[in-house]
Amino acid sequence: GRRAETQAFPVTAEEWDQYDLVLLGDLPVERMPAAAQQSLVEYLKQRGGAVVVIAGQQSMPHAYADQPLAEILPVHPLEDAAAAGPFDFRITAEGSEQLALMIGESTEATRAAWDFVNRFSPLQTLSTWRKPKPSAHTLIAAAPRDGSAAADAAAAPTSAFLSWQPVGRGRVVYLAAPDTYRLRF
């Protein structure tokens, strides 16, 4: 972006508007003050922006719990949730309709591919921020490896790995772990 000179986040919706997509990783809350967060919310609502938030172990999203950024996330924290896995990816009913998640030549090949990923590269750590809000669209759920919630994860996910929700004219996409590289397998 054009922020190289200041090394700071935009603080107005007009400044955010120069970006097509905003990606936020495990960013300390001190680096993104409330004014920048509030202008990002305005950018989403009024300008139709798009934001991808990727959870991390240090700050995102739990350090933002009482900040404007937390209000726009498609998830809440799960009470008494385990952050350590392993967890399996479970494509939800809504996610199965998304061509981007069709990673095989057919429905059966896609199912086999996801089973392969779960068998050889399960998720080990997730943010506790993964309970979908009522307005959220969960495309990939995270189910405990022990199978206790595997059957329910696809039908009515209670633990989201990949979810999104509209925010005004824009949308926010959320990933509950920085392990997106696993999806390419």
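Positions in the sequence shown are counted from 1; adding 32 to them yields this note's numbering.
C-beta atoms are modelled at their ideal positions from N, C-alpha and C, and glycine is treated no differently.
All values reported here derive from a predicted model rather than from experimental measurement.
Annotation: the region 110-161 contains the following complete segments of the alpha helix (DSSP H) (minimum length 4 residues), in chain order: 139-152. Taking a contact as a CB-CB distance under 8 angstroms, the pair residue 133 and residue 171 counts as one, their CB atoms being some 6 angstroms apart. Spatial neighbours of residue 127 in its own chain (CB-CB distance under 6 angstroms, excluding positions within 5 residues in sequence) are listed in chain order as 133, 171, 172. Nearest neighbour of residue 99 by Cα position, chosen from 39, 139, 156, 69, turns out to be 69.
Beta-bridge analysis with DSSP links residue 108 to 163. Around the beta-carbon of residue 122, 16 or more other beta-carbon atoms lie within 10 Å, marking it buried.
Taken atom to atom, the span from the alpha-carbon of residue 53 to that of residue 117 is near 31 angstroms.
If you check the CB distance, residue 105 and residue 206 come in under 8 angstroms. Here residue 164 is buried: its Cβ has 16 or more other Cβ atoms, across all protein chains shown, within 10 Å.
Assignment of beta-bridge partners to residue 79 by DSSP yields no partner. Residue environment analysis places residue 47 among the buried positions, since at least 16 neighbouring C-beta atoms fall within 10 angstroms of its C-beta. For residue 192, the enclosing beta strand (DSSP E) begins and ends at 192-199. A contact between stretches requires three or more CB pairs, one per stretch, nearer than 8 angstroms, and the region 57-66 meets this requirement with the region 86-102.
The Cβ atoms of residue 175 and residue 192 do not sit closer than 8 angstroms to each other. Shown here for residue 200: same chain residues with a beta carbon closer than 6 angstroms to its own, the five before and five after excluded, namely 76, 77 in chain order. The continuous alpha helix (DSSP H) containing residue 45 extends over residues 45-48. When secondary structure is reduced to three states using DSSP, residue 177 falls in the coil class, being assigned neither helix nor strand. Excluding residues up to 5 positions away in sequence, 73 lie with their Cβ nearer than 8 angstroms to the Cβ of residue 103 in the same chain.
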